[in-house]
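Sequential numbering of the sequence shown, starting at 1, is according to the UniProt record's numbering.
Inspection log for the structure reproduced underneath, given as structure tokens.
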Amino acid sequence: MFAISLVVLFFVISGICLFLLILRLFLYRTALIHVVNKWVHWIEDGMHVHQIFKVPEFNHDNFQENQFYGQVFTYLNSLASIENSDFTNLFSGKKSNDIILYLDHNQTIHDTFLGARVSWKNEVNDQKLGEDQSCCRRTLLLKIKKKDKRRILRPYLQHIHNAVSEDLQQRKREVKLYMNTQYDHRINGRWNSIPFTHPSTFDTMAMDSDLKYRIKSDLESFLKSKQYYHRLGRIWKRSYLLYGPSGTGKSSFVAAMAKLLNYDVYEIDLSRVADDSDLKMLLLQTSNKSVIVIEDLDRFMNDNKSVRGVSFSGVSTFMDGILSSCRGDEKIMIFTMNSKDKIDSSLLRPGRIDVHIYFPMCNFNSFKSLANSYLGIRDHKLFPQVEEIFQTGATMSPAEVGEIMIVNRSSPSRALKSVITALQTNAATGWRLSESASSRPSAEESGGESGGVFWKDKGSVPVAKEVRKLYGLLRLKSGKISGPSVAKEVRKLYGLLRLKSGKISGPSGHDSEMIER
């Protein structure tokens with residue numbers, strides 16, 4: 001009797017469990033359908049012969065990035081079936097409410113085309129470089145039935161390449177900043193990227209409006225000149241040299257240019273470059289439609305010991321642009337310097353540098369632009385006083401003036417008074433004047449020796465204001481010079497200047513806006 005009770009209890013419990021299982025499967029029929037479909041596809045795949053095609057991230061010698069890899073990866077991440085992958089990465093998009101899905105490493109995703117079912121696998125293999133170093137080889141594997149290969153392979157790849165991928169890349173494209181990694185990790189490529197979100201634009205830069213217009217026109221003309229460059233047998237690239245003291249806006253200009261063109265930025269840190277061959281490989285791994293930047297090139301040229309084995313010849317070859325033609329064109333190359341007095345003129349010749357742009361210390365025109373941007377004022381009762389101090393030769397970098405305005409942005413009057421105080425202090429001590437004099441363009445910087453196109457702010461390089469500056473300094477120091485003594489002091493100072501330099505001549509209005517070779 002007891003045994004019968006146990007049997008009955010067992011069947012009751014089993015019946016309850018079976019009922020709960022059926023109920024669970026019914027309630028979660030989506031999971032059941034998914035499992036059944038997975039088994040069906042697995043059985044179906046086992047009954048067919050497949051062929052696998054590889055799309056590697058880099059070509060066989062790892063010199064150049066495979067552009068088709070990026071197109072396929074973008075296409076796969078746009079498929080709705082990515083949500084069915086076992087592991088999917090979630091990232092925030094360009095907008096705060098955007099969520100972007102990315103296929104995880106070694107995961108598979110399925111797609112259909114012309115009635116045929118294909119699968120892609122994001123294969124990532126770690127490879128040891130040494131005891132403490134390793135790199136990843138990324139490859140996308142396309143698995144397709146052999147019976148479907150002849151019918152759909154080429155149309156399917158063309159579908160990705162033309163119809164879908166280009167549209168997706170345009171809609172999802174965001175400007176990126178690429179930085180070169182240490183020279184030990186060559187196998188996996190040399191660039192790491194992050195989103196480039198620098199807010200600088202040409203509208204926010206404290207630069208002469210006419211100079212801005214010429215630069216923007218030059219860039220727009222470059223974008224439309226592919227056939228023209230090719231007809232001339234020239235590489236479709238444009239090289240700019242930005243030179244001037246620190247804090248004058250060279251880096252912000254690079255950001256503004258990248259935003260205007262919607263180009264990725266490749267910033268090369270020469271201290272992480274092993275030798276000339278390594279520098280060439282970095283260039284080969286850049287994409288077309290990019291801005292390539294080397295900052296503080298003068299420091300490198302004056303201190304070769306700090307940059308390992310990169311030679312002057314290697315930099316010259318890099319600037320020539322021959323290698324860039326092997327990796328697409330439509331490139332902008334930018335080099336920045338604080339001064340080019342000690343730079344070999346052969347490095348700055350036309351063909352290597354097309355446009356020279358001088359970034360001066362702050363003058364009254366750039367001060368007014370800064371006041372409009374930072375304080376929202378176009379005129380103020382203190383402006384004449386600021387202009388008078390600038391005329392004495394006192395100056396500061398735009399970055400310093402901007403910082404003072406940021407700190408005092410709640411009170412424009414206090415901000416202007418703080419700028420006036422800082423300028424007077426600099427003029428009285430004279431250390432700013434010595435820095436300004438050392439950073440003022442030499443004969444070479446004025447276009448006397450090297451070729452190319454030279455652009456400057458109007459009034460950025462005064463020619464015959466030395467007497468007025470020195471007289472202004474005397475007024476600041478003593479406040480007692482007046483009447484006949486003025487002319488006497490001026491004549492004395494002018495004579496001293498002529499004896500020392502023999503270069504003061506002409507009115508200040510002779511400043512050159514653009515000098516062509």
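A virtual CB, placed ideally from N, CA and C, is assigned to each residue, including glycine.
Model, not experiment: these values are computed from the prediction.
Notebook entry, point to check: Buried or exposed: where does R190 fall if 16 or more other Cβ atoms within 10 Å of its Cβ makes it buried?
Noted result: Taking the sequence shown and counting its residues from 1, one reaches residue 190 at position 190. A residue is called buried once 16 or more other Cβ atoms fall within 10 Å of its Cβ, and R190 is buried on that count.
Checklist line | Where F359 falls: helix, strand or coil (DSSP) | finding: Translated into the one-based positions of the sequence shown, residue 359 becomes position 359. Correct three-state label for F359: coil.
Margin query: Let's test the definition: count the other Cβ atoms within 10 Å of the Cβ of S251 and tell me whether it reaches 16, buried, or not, exposed.
Written below: The count along the sequence shown starts at 1 and reaches residue 251 at position 251. It is buried - the Cβ of S251 has at least 16 other Cβ atoms within 10 Å.
Margin query: Could you check whether the stretch 355 to 366 touches the stretch 388 to 396, counting it as contact only if at least three pairs of C-beta atoms, one from each stretch, sit closer than 8 Å?
Written below: With a cut-off of 8 Å on Cβ pairs, the stretch 355 to 366 is in contact with the stretch 388 to 396, counting three or more such pairs.
Notebook entry, point to check: To the nearest angstrom, how far is it from the Cα of R138 to the Cα of S209?
Noted result: Position 138 of the sequence shown holds residue 138. Position 209 of the sequence shown holds residue 209. Rounded to whole angstroms, R138 to S209 spans 47 Å at the Cα level.
Next item on the list: Keeping to the same chain, check which residues put their C-beta closer than 8 Å to that of S92; ignore five residues upstream and five downstream.
Entry: Working through the sequence shown from its first residue, we reach residue 92 at position 92. Excluding positions up to five away in sequence, the list reads D98, I99 and I100.
Margin query: My assumption, with CB atoms under 8 Å, is that D278 sits in contact with S339. Please give the rounded CB distance.
Written below: Locating residue 278 in the sequence shown gives position 278, counting from the first residue. Locating residue 339 in the sequence shown gives position 339, counting from the first residue. Contact check for D278 and S339: beta-carbon distance about 27 Å, past the 8 Å limit, so the pair fails to qualify.
Check: If L416 sits next to L382, beta carbons under 8 Å apart, how far is it from one beta carbon to the other, in whole angstroms?
Finding: Here residue 416 refers to the residue found at position 416 of the sequence shown. Here residue 382 refers to the residue found at position 382 of the sequence shown. Contact annotation, L416 with L382: C-beta distance approximately 4 Å; criterion of less than 8 Å satisfied.
Note to self: Using a 10 Å radius around the Cβ and a threshold of 16 neighbouring Cβ atoms, would you call L90 buried or exposed?
What the structure shows: On the sequence shown, residue 90 is found 90 positions in, with the first residue counted as 1. Exposed is the label assigned to L90, since fewer than 16 other Cβ atoms lie within 10 Å of its Cβ.
Check: Can at least three beta-carbon pairs, one atom from the stretch 276 to 292 and one from the stretch 242 to 249, be found at a separation below 8 Å?
Finding: No, because fewer than three Cβ pairs between the stretch 276 to 292 and the stretch 242 to 249 fall closer than 8 Å, the two stretches do not touch.
Item checked: Proximity of K237 and M333 at Cβ, strictly below 8 Å -> Here the question's residue 237 lines up with position 237 in the sequence shown. Here the question's residue 333 lines up with position 333 in the sequence shown. Less than 8 Å divides the Cβ of K237 from the Cβ of M333.
Margin query: What does DSSP give as the partner residue(s) for C136 in the beta ladder?
Written below: Taking the first residue of the sequence shown as 1, we reach residue 136 at position 136. C136 has D126 as its beta-bridge partners, per DSSP.
Next item on the list: Classify H230 as helix, strand or coil using the three-state DSSP reduction.
Entry: Taking the first residue of the sequence shown as position 1, residue 230 is located at position 230. Helix, per DSSP.
Check: By DSSP, does R117 sit in helix, in strand, or in coil?
Finding: Residue mapping note: residue 117 aligns to position 117 of the sequence shown, counting from 1. If DSSP states are grouped into helix, strand and coil, R117 belongs with the strands.
Margin query: Please report the distance separating the alpha-carbon of Y228 from that of S200.
Written below: The residue given as residue 228 occupies position 228 in the sequence shown. The residue given as residue 200 occupies position 200 in the sequence shown. Their Cα atoms are separated by approximately 31 Å.
Note to self: Bridge partners for E65 per DSSP, in chain order?
What the structure shows: Against the sequence shown, residue 65 aligns to sequence position 65. Residue pairing by DSSP places E65 opposite F58 in a beta bridge.
Check: Whose C-beta lies closer than 7 Å to the C-beta of N408 among residues of the same chain, with five residues either side of it excluded?
Finding: What you label residue 408 is simply residue 408 of the sequence shown in a count that begins at 1. Excluding residues up to 5 positions away in sequence, R414, A415 and S418 lie with their Cβ nearer than 7 Å to the Cβ of N408 in the same chain.
Next item on the list: Take L423 and list the residues in its own chain whose beta-carbon comes closer than 8 Å to its own, dropping the five residues that flank it on each side.
Entry: As a working note, residue 423 is residue 423 in the sequence shown. For L423, where only same-chain residues beyond five positions count, the Cβ hits under 8 Å are V386, I389, F390, A394, T395 and M396.
Checklist line | Pick from L219, L140 and V49 that is closest to Y69, judged by C-alpha positions | finding: Here residue 69 refers to the residue found at position 69 when the sequence shown is read from its first residue. Taking only the C-alpha atoms, the option nearest Y69 is L140.
Check: Are the Cβ atoms of S239 and D354 separated by less than 8 Å?
Finding: For the purposes of this step, residue 239 is taken as the residue at position 239 of the sequence shown. For the purposes of this step, residue 354 is taken as the residue at position 354 of the sequence shown. With a cutoff of 8 Å on beta-carbon distance, S239 and D354 are scored as near each other.
Notebook entry, point to check: Does the beta-carbon distance from A258 to F196 come in below 8 Å?
Noted result: Residue 258 sits at position 258 when you count from the first residue of the sequence shown. Residue 196 sits at position 196 when you count from the first residue of the sequence shown. Using a Cβ distance threshold of 8 Å, A258 and F196 count as a contacting pair.
Item checked: Alpha-carbon to alpha-carbon, F11 and L18 -> Residue 18 sits at position 18 when you count from the first residue of the sequence shown. Residue 11 sits at position 11 when you count from the first residue of the sequence shown. If you draw a straight line from the Cα of L18 to the Cα of F11, it is about 10 Å long.
Notebook entry, point to check: Quick one: Cα of V315 to Cα of N122, how far?
Noted result: The residue labelled residue 315 in the question sits at position 315 within the sequence shown. The residue labelled residue 122 in the question sits at position 122 within the sequence shown. Whole-angstrom Cα-Cα distance: 38 Å.
Item checked: I16 (DSSP reduced to helix, strand or coil) -> Position 16 of the sequence shown, counted from the start, is the residue given in the question as residue 16. In this structure, I16 counts as helix in the three-state DSSP scheme.
Item checked: Buried or exposed (CB count within 10 angstroms, at least 16 for buried), R378 -> On the sequence shown, position 378 is the one that residue 378 refers to. R378 is exposed by the Cβ-count criterion.
Next item on the list: Measure the alpha-carbon distance for S225 versus T286 and round it to whole angstroms.
Entry: Locating residue 225 in the sequence shown gives position 225, counting from the first residue. Locating residue 286 in the sequence shown gives position 286, counting from the first residue. One C-alpha to the other measures close to 21 Å.
Checklist line | 8 Å contact criterion, which K147 and H48 should meet: CB distance rounded | finding: Sequence index remark: in the sequence shown, residue 147 carries index 147 (1-based). Sequence index remark: in the sequence shown, residue 48 carries index 48 (1-based). K147 to H48, Cβ: 7 Å. Contact.
Check: Hey, how far is the Cα of I406 from the Cα of Y178?
Finding: What you label residue 406 is simply residue 406 of the sequence shown in a count that begins at 1. What you label residue 178 is simply residue 178 of the sequence shown in a count that begins at 1. Distance between the alpha carbons of I406 and Y178: 30 Å.
Check: Does the beta-carbon of V7 have 16 or more other beta-carbons within 10 angstroms, so that it is buried, or is it exposed?
Finding: Your numbering for residue 7 matches position 7 in the sequence shown. The residue is exposed, with fewer than 16 neighbouring Cβ atoms inside 10 Å.
Notebook entry, point to check: CA-CA distance, I343 and K331?
Noted result: Translated into the one-based positions of the sequence shown, residue 343 becomes position 343. Translated into the one-based positions of the sequence shown, residue 331 becomes position 331. Roughly 24 Å between the two C-alpha positions.
Checklist line | Local conformation of Y374 per DSSP, three classes | finding: In the sequence shown, the residue the question calls residue 374 occupies position 374. Residue state, collapsed to three classes: helix.
Next item on the list: State the start and end residues of the unbroken alpha helix (DSSP H) segment that holds F335.
Entry: On the sequence shown, residue 335 is found 335 positions in, with the first residue counted as 1. Note, F335: premise wrong, no alpha helix (DSSP H); beta strand (DSSP E) at K331 to M337.
Checklist line | Where F91 sits in the DSSP three-state scheme | finding: The residue labelled residue 91 in the question sits at position 91 within the sequence shown. The answer is strand: DSSP assigns F91 an E or B state.
Check: Out of L232, V293, I235 and L223, which has the shortest C-alpha to C-alpha gap to I253?
Finding: The sequence position of residue 253 within the sequence shown is 253, counting from 1. With the sequence shown as reference, residue 253 is identified as Phe, and Ile is not the correct amino acid for it. Answer by Cα proximity: V293.
Checklist line | R154, enclosing alpha helix (DSSP H) - first and last residue | finding: To locate residue 154, count along the sequence shown from 1; it is residue 154. Its alpha helix (DSSP H) spans residues K146 to Q158.
Item checked: Alpha carbon of E65 to alpha carbon of L157, nearest angstrom -> Indexing the sequence shown from 1 puts residue 65 at position 65. Indexing the sequence shown from 1 puts residue 157 at position 157. The straight-line gap from Cα to Cα measures roughly 18 Å.
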